[in-house]
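**Q** Letter 64 of the sequence shown, counting from 1, is numbered 64 in full-length UniProt numbering, and no numbers are missing. Here a beta-carbon is modelled for each residue, glycine too, at the ideal position from N, C-alpha and C. What follows is a structure written as structure tokens; I'll ask about it next.
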Amino acid sequence: MLRRPAKTRSAARAAALSGPHAVELAGLLHELSVRLLGAESFAVAIERLAAFVAGAVPGTVRCSVTLIGEGGPPTCTANAAIGASLDTLAYELSTGPGLDAARSRALTTADDLYTDERWPHLAEPARAAGIHAVVAIPLDVPRAEVGAVSLYLDRAGALGPDPLITAMALVNQAEVLLGELRRRDETSTDATVDRAVGVIIAQRGCGVREAYDVLTETAQRLGIDRHAVADRLVAAAAARNA
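Given below as structure tokens:
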């Protein structure tokens, strides 16, 4: 009876680092869609994205999602504590693979963080964390932020073609899903504002335009977002009617 020769260590490692079959990739995209669209909030969806990509791309020891909104500081969500100092230092100095990929909207890679001259400040924290390389893929969330998904790898060298295609396909799918989540959140928020305006009209007997002005002026006076004021008004009205 013929037996297959046992895989060598190098062959096994190569197989582990290869990308999934097309059917498997389709399964990954479907599972990502289910997880993100099932998230109760945008923040939870970002957490799920980081965890999912880290588990789907071999060799990834940390996956962080960087988002840059208008007028605000960058935010970061990651699947693991390992390598957190790399993101922290990059944000403090305003330069690093993830930030560069977000700003340029171009794939950004470092085959060896220990010797990369673009980000010498990341060499020591990378060495301490056992992280050798990084691949940062642009993430553009419609009507929200620009950003990047950064995959930190436990070996030197860029991702092979198949794993890279897998990572990019997942990020591209996430862009569409996160855009839908943002749209859904905005629709829900607008509905809350409309309900709050109805509460003001009922309380004051004023018109719609005046009710919107009251809501805006109240938010300015309290120094908080108009949507937060609307949430409070709707919750207070519900409590009174309970």
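Could you check if residue 131 is buried or exposed, using at least 16 other CB atoms within 10 Å of its CB as the buried criterion?
**A** buried
**Q** From residue 109 to residue 225, what does the alpha carbon distance come to, in whole angstroms?
**A** 38 Å
**Q** Which value, in whole angstroms, describes the spacing of the CA atoms of residue 29 and residue 140?
**A** Here the alpha carbons of residue 140 and residue 29 stand approximately 18 Å from one another.
**Q** Select from 209, 179, 50 the residue whose C-alpha is nearest the C-alpha of residue 197.
**A** Nearest option by C-alpha distance: 209.
**Q** On the premise that residue 53 lies in contact with residue 170, defined as a C-beta separation below 8 Å, what is that separation, rounded to the nearest angstrom?
**A** Going by Cβ atoms, the distance from residue 170 to residue 53 rounds to 5 Å, so yes, they are a contact pair.
**Q** In chain order, what residues of the same chain lie with their CB nearer than 8 Å to the CB of residue 3, ignoring the 5 residues before and after it?
**A** Caution applies to residue 3, whose pLDDT of 38 falls short of 50 and renders its modelled position unreliable; the model cannot decide the point.
**Q** In the DSSP output, which residue or residues are listed as bridge partners for residue 152?
**A** 62, 134
**Q** In three-state terms, what does DSSP make of residue 146?
**A** strand
**Q** Around the C-beta of residue 63, are 16 or more other C-beta atoms found within 10 angstroms, so that it is buried, or is it exposed?
**A** buried
**Q** Ignore the nearest five residues each way along the sequence and tell me which others in residue 156's own chain have a CB closer than 7 Å to its CB.
**A** 111, 112, 132, 133
**Q** Grab the span of the alpha helix (DSSP H) containing residue 101 for me, first residue to last.
**A** 97 to 104
**Q** Name the DSSP beta bridge partners of residue 139, please?
**A** 147
**Q** On the three-state DSSP scale, how would you describe residue 187?
**A** helix
**Q** Decide if residue 187 is buried, meaning its Cβ has at least 16 other Cβ atoms within 10 Å, or exposed.
**A** exposed
**Q** Measure how close the beta-carbons of residue 86 and residue 138 come, nearest whole angstrom, since I'm counting them as under 8 Å.
**A** Incorrect: roughly 18 Å between the Cβ atoms, too far for contact.
**Q** Check this for me: beta carbons of residue 148 and residue 102, under 7 Å apart or not?
**A** For the pair residue 148 and residue 102, the CB atoms are nearer than the 7 Å cut-off.
**Q** For residue 159, which of helix, strand or coil comes out of DSSP?
**A** coil
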